[in-house]
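J.:
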Amino acid sequence: MATIFDKIIAREIPADIVHEDDLCLAFRDINPQAPVHVLLIPKKPIVNLADAAPADQALLGHLMLVAPAIAEKLGVGGAFRLNVNNGAAVGQSVFHLHLHILGGRSFAWPPG
Ligand code: AMP
3 MATIFDKIIA REIPADIVHE DDLCLAFRDI NPQAPVHVLL IPKKPIVNLA DAAPADQALL
63 GHLMLVAPAI AEKLGVGGAF RLNVNNGAAV GQSVFHLHLH ILGGRSFAWP PG
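In this note's numbering, the protein residues as written are 3 to 114.
#1: Are F97 and V49 close, meaning C-beta to C-beta below 8 Å?
#2: In this structure, how does DSSP classify A52 when only helix, strand and coil are distinguished?
#3: For G105, report the span of its alpha helix (DSSP H) as first-last.
#4: Can you give me the start and stop residues for the alpha helix (DSSP H) that H64 sits inside?
#5: Any heavy atom of the ligand AMP closer than 7 Å to the CB of D115?
#6: Pairing CB atoms from the region 52-59 with CB atoms from the region 6-24, are three or more of them under 8 Å?
#7: For H64, collect the residues of the same chain with a Cβ closer than 7 Å to its Cβ; drop the 5 residues on either side in sequence, then sort them by chain order.
#8: Rounded to whole angstroms, what is the Cα-Cα separation between A36 and K45?
#9: Whole angstroms is fine: what's the gap from I15's alpha carbon to P112's?
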């Protein structure tokens, strides 16, 4: 099922895009929870991590390498947090896989 992130990929709705390549797109979260709060998504519409397949291994690895590059580009390369909400029960509200890249403030551990 298409989500709002598919519309951002298709440029049907605007977003503050900070990175794009053949496999993924990253844009600033519309409701930021930190000075830097970017969503990194694969262009392939994977619902969440639990829905990823072995064939997605290289794509998932790509996201894990792009995330720190984005953090570095945005000035928080030395201290950032990655968060993936997998399922509505833990806060997933958009059912297109996305990595939250958060930085620019301190974060508690464990997360709430
Ligand atoms: P999650 O709750 O983990 O599914 O995260 C979804 C995130 O998408 C939330 O942090 C929202 O603020 C963000 N979001 C929803 N719509 C948009 C949008 N149009 N542009 C940017 N971020 C969005």
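The beta-carbon is built from N, C-alpha and C at its ideal position, and this holds for glycine as well.
T.: For this structure:
#1: Locating residue 97 in the sequence shown gives position 95, where the first residue counts as 1. Locating residue 49 in the sequence shown gives position 47, where the first residue counts as 1. Yes, the pair counts as a contact, with Cβ atoms nearer than the cut-off.
#2: For this step, residue 52 is matched to residue 50 along the sequence shown. Reduced to three states, the DSSP call for A52 is helix.
#3: As a working note, residue 105 is residue 103 in the sequence shown. Where G105 is concerned, there is no enclosing alpha helix (DSSP H), although the beta strand (DSSP E) it sits in stretches over 101-105.
#4: To locate residue 64, count along the sequence shown from 1; it is residue 62. Per DSSP, H64 belongs to the alpha helix (DSSP H) from 59-75.
#5: A question about residue 115 goes unanswered here, because the residues of the chain that appear run from 3 up to 114.
#6: no
#7: The count along the sequence shown starts at 1 and reaches residue 64 at position 62. The answer, listed in chain order, is L25, C26.
#8: For the purposes of this step, residue 36 is identified with residue 34 of the sequence shown, where counting begins at 1. For the purposes of this step, residue 45 is identified with residue 43 of the sequence shown, where counting begins at 1. C-alpha separation (whole angstroms): 24 Å.
#9: Along the sequence shown, read from residue 1 onward, the residue named residue 15 stands at position 13. Along the sequence shown, read from residue 1 onward, the residue named residue 112 stands at position 110. The alpha-carbon atoms of I15 and P112 are separated by roughly 35 Å.
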